[in-house]
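>
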Amino acid sequence: MEISALQIARAAYQPKLPKALQGPVKAVEGEATQSVGNQEEIKALFPNTYGMPVITFEAGEKTELPAFNVGVILSGGQAPGGHNVISGLFDGVKSLNPENKLYGFILGPGGLVDHKYIEITSELMDQYRNTGGFDIIGSGRTKLEKEEQFEKGIEILRELGIKALVIIGGDDSNTNACVLAEYYAAKKYGVQVIGCPKTIDGDLKNEQIETSFGFDTACKTYSELIGNIQRDCNSARKYWHFIKLMGRSASHIALECALQTQPNICLVSEEVEAKEMSLDDVVTYIAQAVADRAADGNNFGTVLIPEGLIEFIPAIKKLIAELNEVLTDPATGESREFANAEEQIAFVKSSIAKENLAVLESLPADVARQLCLDRDPHGNVQVSLIETEKLLSRMVATKLNAWKAEGKFCGKFSAQHHFFGYEGRCAAPSNYDADYCYSLGFNASRLISNGKTGYMSIIQNTTAPAEQWIAGGVPITMMMNIERRNGANKPVIRKALVELDGAPFKFFAAHREEWAKNTCYVYPGPIQYWGPTEVCDQTTKTLKLEQAK
Ligand code: FBP
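Residue numbers for the sequence shown follow our numbering, beginning at 151 and rising by one.
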């Protein structure tokens with residue numbers, strides 16, 4: 151296999167570890183914890199893993215441990231740094247006892263159920279250090295939530311002598327990790343389950359988890375591309391660029407990219423919902439900015455659109471909630487099966503309330519169709535398939551034409567469309583993600599050697615130099631509450647959306663009028679791995695603003 155010069159040079163990079171993880175550790179326990187919501191229900195559902203303390207690691211005495219084996223699973227969408235979590239885990243496990251083995255389950259949680267695995271040897275590991283992607287073992291979106299899957303899992307875990315399983319995933323995958331930890335603890339199977347916070351979306355964060363890994367690199371990659379587009383835009387001065395950004399529901403990616411690049415407009419879904427804006431309100435807001443810039447002779451601009459926007463428009467949100475209900479079979483809790491798409495659409499139309507049907511029918515036909523048909527295995531609407539950037543620019547053009555017909559000056563409007571998502575998910579991890587991910591993985595090995603289960607690996611204080619980072623673990627039950635999913639109430643990790651009273655949004659809101667009217671573009675350029683620390687080692691503006699609070 152031919153490999154790039156960057157990959158060769160990057161392979162030699164030794165990720166940094168927090169001081170506490172550089173030698174033997176001892177686990178310091180905090181107070182007993184509570185879940186963030188629905189305490190009584192969560193406690194009843196997780197009697198063996200509820201209420202455990204937050205753990206912090208400090209320097210401790212070396213102890214000899216008998217050899218043990220560990221399994222690892224990559225779950226859900228790719229995020230830069232996944233290979234570093236695995237290399238940190240690998241090095242951590244081997245440092246405890248060189249006889250220890252690490253097994254990777256192939257193509258996500260399905261690999262555990264189907265008994266598909268490989269041993270991660272040092273030769274294999276060395277080919278993937280500090281690289282982007284999840285291809286060392288692959289990922290998948292199979293939901294691990296049924297007893298029969300857990301039982302299939304224990305068969306292979308026992309066969310391979312695996313004492314602990316590390317699940318690297320987002321909120322849904324870590325919810326499932328928590329259910330699995332509880333199940334194995336209740337059955338006294340002697341297998342520990344540890345989670346690691348992954349997702350470019352940045353929505354798996356809370357008081358304990360500062361950020362999910364991959365968010366930093368993905369946002370820097372998109373910001374480079376947005377900056378390049380803005381430079382083109384400011385050179386040619388003839389297009390409005392509508393740029394949709396991945397992130398599923400939360401707008402963290404769009405907001406972070408706005409903070410890095412200062413576009414003319416950035417929509418924030420959480421604000422659209424809070425202000426109860428309609429689709430027409432959103433379109434009017436953009437069209438007004440286009441007209442205002444045209445009045446200054448600027449017939450160009452950039453608009454950032456979060457992927458989940460459409461489902462935050464209150465009327466559409468209600469519609470989606472009802473679609474989720476009617477498309478779930480109440481008997482099985484699974485998605486209903488249909489012979490074909492037309493049958494599914496007819497079923498939807500005959501099942502939903504009149505007012506929701508009216509909203510569905512008011513949408514362009516292609517968007518309505520996508521809303522009715524596409525679901526991921528967790529029952530989420532597949533927002534990444536909805537071409538919001540085209541929908542909005544089409545509607546802005548129509549509005550500007552109507553204004554022109556009324557005699558209002560709107561200048562020229564010509565649009566280009568982009569969707570950035572897959573471009574950033576497998577980028578080579580930034581120094582921040584390389585260090586953070588390696589530390590998360592290494593730290594997971596210490597949670598295992600300390601006998602913990604139902605914990606998520608956490609690394610805190612990450613805006614300080616890595617030496618000063620704080621390593622430990624948080625019980626996953628602590629992040630849970632009950633939410634309606636797929637037509638049923640379920641215990642899930644609470645998703646972190648953009649907080650409108652949080653520092654990142656407030657900073658953006660204080661500057662956006664100026665950015666809209668004037669051309670204040672910033673061009674961040676590509677991620678740098680070597681060079682001055684202020685260029686190479688800075689994390690996201692979101693995290694810096696949050697930590698400054
Ligand atoms: P995870 O939450 O699993 O990390 O996935 C994030 C994400 O990249 C979202 O931003 C996006 O909506 C989705 O995955 C796309 O999924 P797919 O890879 O299945 O197209």
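Quick reminder that beta carbons are idealized off the backbone N, C-alpha and C, glycines included.
Model, not experiment: these values are computed from the prediction.
Spatial neighbours of alanine 331 within its chain, please: CB distance less than 6 Å, with the 5 preceding and 5 following residues excluded, ordered by chain position.
These residues qualify, in order along the chain: Thr199, Val343, Thr603 and Gly604.
> Taking the C-alpha atoms as reference points, what is the distance between glutamate 374 and arginine 575?
Distance between the alpha carbons of glutamate 374 and arginine 575 is about 14 Å.
> Glycine 173: buried (16+ other C-beta within 10 angstroms of its C-beta) or exposed?
Per the 10 Å Cβ criterion, exposed.
> Hey, glutamate 406 and lysine 691 are a contact pair by Cβ (cut 8 Å); roughly how many whole angstroms apart?
Indeed, because the Cβ distance is near 6 Å, the residues count as touching under 8 Å.
> Which of the three DSSP states is assigned to leucine 315 in this structure?
Reduced to three states, the DSSP call for leucine 315 is strand.
> Among the residues of its own chain, which have a CB less than 6 Å from the CB of isoleucine 306, if the five just before and after it don't count?
Hits under 6 Å: His265.
> Among residues of its own chain, excluding the 5 on either side of glutamine 566, which ones have a beta-carbon nearer than 6 Å to its beta-carbon?
Correct list, in chain order: Tyr389 and His391.
> Could you have a look at lysine 348 and say whether DSSP puts it in helix, strand or coil?
Of the three classes helix, strand and coil, the one that applies to lysine 348 here is strand, per DSSP.
> Work out the CA separation of glutamate 298 and asparagine 600 for me, nearest whole Å.
Spanning the two alpha carbons is a distance of roughly 29 Å.
> I want to check one thing, is the minimum distance from the CB of glycine 173 to the heavy atoms of ligand 1 below 6 Å?
Checking the Cβ of glycine 173 against ligand 1 gives no.
> Could you tell me if the beta carbon of methionine 629 falls within a distance shorter than 6 Å of some heavy atom in ligand 1?
Flag unset: Cβ of methionine 629 not near ligand 1.
> In terms of DSSP beta bridges, what is phenylalanine 255 paired with?
Tyr267, per the DSSP bridge assignment.
> Tell me where the beta strand (DSSP E) around glutamine 566 begins and ends.
First-last of the beta strand (DSSP E) with glutamine 566: 565-570.
> Consult DSSP for phenylalanine 392 and reduce its assignment to one of helix, strand or coil.
Of the three classes helix, strand and coil, the one that applies to phenylalanine 392 here is strand, per DSSP.
> Of the choices Lys549, Glu487 and Gly447, whose alpha-carbon is the least far from that of alanine 437?
When each option's Cα is compared against that of alanine 437, the closest is Lys549.
> Any heavy atom of ligand 1 closer than 6 Å to the CB of glycine 232?
Result no, Cβ not under 6 Å from ligand 1.
> For the alpha helix (DSSP H) that methionine 545 lies in, which residues bound it at each end?
Residues 538-555.
> Can you give the Cα-Cα distance for alanine 653 and glycine 320, rounded to whole angstroms?
Approximately 24 Å between the Cα atoms of the pair.
> For glycine 352, is the beta carbon positioned less than 6 Å from some heavy atom of ligand 1?
Result no, Cβ not under 6 Å from ligand 1.
> Across which residues does DSSP place cysteine 416 in a beta bridge pair?
Its beta-bridge partners are Leu454.
> Starting from leucine 473 and walking both ways along the beta strand (DSSP E), at which residues does that stretch end?
Taken as a continuous stretch (DSSP letters only), leucine 473 belongs to no beta strand (DSSP E), being part of the alpha helix (DSSP H) at 464-476.
> Starting from the Cα of alanine 445, find the closest Cα among Leu429, Ala666, Glu493 and Val235 and give me that residue.
Comparing Cα-Cα distances from alanine 445 to each of Leu429, Ala666, Glu493 and Val235, the minimum goes to Ala666.
> Can you name, in chain order, every residue of its own chain whose Cβ lies under 7 Å from the Cβ of asparagine 247, other than the five neighbours on each side?
Hits under 7 Å: Leu215 and Ala217.
> Per the DSSP calculation, arginine 662 is bridged to which residue(s)?
Arginine 662 is not bridged to any residue.
> What is the DSSP secondary structure of glutamine 228, reduced to helix, strand or coil?
Of the three classes helix, strand and coil, the one that applies to glutamine 228 here is coil, per DSSP.
> Starting from arginine 634 and walking both ways along the beta strand (DSSP E), at which residues does that stretch end?
Its beta strand (DSSP E) spans residues 630-635.
> Within 6 Å: the Cβ of threonine 361 and any heavy atom of ligand 2?
Among the ligands present in this structure, namely ligand 1, ligand 2 is not found.
> For isoleucine 495, which residues of its own chain have a beta-carbon under 6 Å away from its beta-carbon, when the five flanking residues on both sides are left out?
Same-chain partners within the cutoff: Cys522.
> Keeping to the same chain, check which residues put their C-beta closer than 7 Å to that of valine 329; ignore five residues upstream and five downstream.
So the qualifying residues of the chain are Glu295.
> Examine ligand 1 and report whether any of its heavy atoms sits within less than 6 Å of the Cβ of methionine 275.
False, no ligand heavy atom lies under 6 Å from that Cβ.
> Report the CB separation of glycine 591 from isoleucine 270 in whole angstroms; it is logged as a contact under 8 Å.
Between isoleucine 270 and glycine 591 the Cβ distance is about 11 Å, and since that is not below 8 Å, they are no contact.
> Hey, out of Gln358, Glu179 and Ile609, whose CA is closest to arginine 644's CA?
Checked all of Gln358, Glu179 and Ile609; the closest Cα to arginine 644 is Gln358.
> Whole-angstrom Cβ separation of proline 168 and serine 589, contact assumed at under 8 Å?
Right, their Cβ atoms sit about 6 Å apart.
> Using beta-carbon positions only, say whether valine 624 and threonine 325 come within less than 7 Å of one another.
Result no, Cβ atoms of valine 624 and threonine 325 do not sit closer than 7 Å.
> So is phenylalanine 559 buried or exposed if we call it buried at 16+ other beta carbons inside 10 Å?
Label assigned to phenylalanine 559: exposed.
> Which partner residues does glutamate 208 have in the DSSP bridge list?
According to DSSP, which records beta bridges pairwise, glutamate 208 is partnered with Lys176.
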